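Numbering (our numbering), first residue to last: 4 to 63.
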């Protein structure tokens, strides 16, 4: 994994438009964080439901 990251970093630095490479990297980072956040919410809700013994929420 590390050699891949180093290779991508070298390619980004060799690129003529470094700002474009940085923008693509930031978009990828934001996308990954967003997906991780959503998966965390789903896991949290599933864990709460398991903790209740599979019963639904009667407060609604």
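Idealized CB from N, CA, C, for every residue including glycine.
Since we're looking at a predicted model, the values are computed, not measured.
Assuming contact is defined by CB atoms lying nearer than 7 Å, are residue 24 and residue 31 in contact in what I supplied? Working through the chain shown from its first residue, we reach residue 24 at position 21. Working through the chain shown from its first residue, we reach residue 31 at position 28. Judged by their CB atoms, residue 24 and residue 31 are not nearer to each other than the 7 Å cut-off.
Length of the line joining the Cα atoms of residue 17 and residue 9: As a working mapping, residue 17 is identified with position 14 in the chain shown. As a working mapping, residue 9 is identified with position 6 in the chain shown. When only Cα atoms are considered, residue 17 and residue 9 end up about 12 Å apart.
First and last residue of the alpha helix (DSSP H) that includes residue 51? By one-based count along the chain shown, residue 51 stands at place 48. Element bounds for residue 51: 21-54.
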